[in-house]
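Let me begin by presenting the structure, written as structure tokens, before commenting on it.
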Amino acid sequence: MELELEIKSYCRITNHSVSLNGKEIPVTRSNEEESIWLDDIYRSLKMQYLKFFKMDGLCKAGFLAAELVCNDCGLDRDNPKRDTAIVCVNSSSSLDDDTVYQQTIEDKDNYYPSPSVFVYTLANIVTGEIAIRHKIMGETSFYITENFSPQYICDTINDVFADNSVNGLLCGWTEYYHGNCDVLMMYICRSDESPVKLISQHIAGLYGI
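Under our numbering, the residue at position 22 of the sequence shown is numbered 16, and the numbers go up by one with no gaps.
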């Protein structure tokens, strides 16, 4: 039996633009620093979540994309979602923060390990932050692949939905390394109204390849 799935909403964030369901969202850019760009997006959404400014680049990027997608789908943040899962994928894991943390411990004469940086030397912190924000109680996973692979993401989506208890999935490519932001976040759900057999070409098209 083929899975009847629907990509209900998707968000794309790069260093130059942010879009929701293919429509660009206007953001006033304060300067050209890539790290500030994510803060500019946050402010444009008029969010009130001060913990955001403590996050690293990877976490901010995934968090913002999830916020846009979940809001677009009308997900109630106050309602626990035990039938919803989160799966993210990238190629650099948490290397963006790993390199920063390494600099704080490699010189024994200038040893200043930072707990605030160390927290983000786990890629799955981003899935945890998203789960807390939106009360998602199902599986949360973060996988590492060599490159962006629509087929791998598609296969992962189908594997998650093989569990009949899962009705919704927040899933996508969540990459941030050396100032390069590259995110595609999707909310996928079971559907009787507009079902499709999800194939890798769908995901490639949303990503832009």
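Glycine included, C-beta positions come from ideal geometry on N, C-alpha and C.
Could I get the ranges of all uninterrupted alpha helix (DSSP H) runs contained in the segment 99 to 133, with 4 residues as the minimum, in chain order?
With a minimum length of 4 residues, the continuous alpha helix (DSSP H) runs that stay inside the segment 99 to 133 are 109 to 112 and 119 to 128.
Answer yes or no: do Cys5 and Val120 have a C-beta to C-beta separation smaller than 9 Å?
It is not a contact, given that the beta carbons lie outside the stated cut-off.
Put Ser13 into one of helix, strand or coil per three-state DSSP.
In this structure, Ser13 counts as strand in the three-state DSSP scheme.
Mind reading off the beta-carbon distance from Tyr201 to Phe142? Whole number of angstroms is fine, and I expect it under 8 Å.
That pair is a contact at about 7 Å.
Please list the terminal residues of the continuous beta strand (DSSP E) segment that includes Thr168.
Gly162 to Tyr171 is the span of the beta strand (DSSP E), which, as asked, contains Thr168.
Less than 9 Å separating the beta-carbons of Val81 and Phe136?
Going by C-beta atoms, Val81 is nearer than 9 Å to Phe136.
Hey, would you say Ile130 sits closer than 9 Å to Lys75, going by beta carbons?
Contact: yes.
The beta strand (DSSP E) with Thr78 in it runs from where to where?
Unbroken beta strand (DSSP E) run through Thr78: Thr78 to Asn84.
Taking DSSP as the reference, what is the three-state secondary structure of Met(-5)?
Low per-residue confidence applies at Met(-5): pLDDT is 48, beneath 50, and the placement is therefore not dependable, though the value from the model is reported in the following sentence. In this structure, Met(-5) counts as coil in the three-state DSSP scheme.
Quick one: what's Tyr146 bridged to in DSSP?
None; Tyr146 has no bridge partner.
Looking at the structure shown, is Val177 part of a helix, part of a strand, or coil, going by DSSP?
Val177: strand per DSSP, three-state reduction.
State the start and end residues of the unbroken alpha helix (DSSP H) segment that holds Asn42.
The residue you asked about is not Asn; residue 42 is Gln in the sequence shown. It is not in any alpha helix (DSSP H) - Gln42 carries neither H nor E in the DSSP assignment.
I'd like to know if the segment 19 to 29 and the segment 82 to 91 are in contact, where contact means that at least 3 CB-CB pairs between them fall below 8 Å.
Not touching, per the Cβ criterion.
Which class does Ile35 belong to by DSSP, given the choice of helix, strand or coil?
In this structure, Ile35 counts as helix in the three-state DSSP scheme.
My guess is that Cys175 and Leu32 are in contact by the Cβ rule of under 8 Å, so how many angstroms apart are they, rounded?
7 Å between Cβ atoms; contact.
Tell me, which residues are paired with Tyr4 by DSSP?
DSSP lists Met180 as partners of Tyr4.
If Gly56 sits next to Met179, beta carbons under 8 Å apart, how far is it from one beta carbon to the other, in whole angstroms?
Contact holds; Cβ gap of about 7 Å.
Out of Asn104, Pro107, His10 and Ile197, which has the shortest C-alpha to C-alpha gap to Tyr181?
For Tyr181, the nearest C-alpha among the options comes from Ile197.
Tell me which residues share the same chain as Ile30 and place their Cβ nearer than 7 Å to its Cβ, disregarding the 5 neighbours each side in the sequence.
Taken in chain order, the residues that qualify are Ser24.
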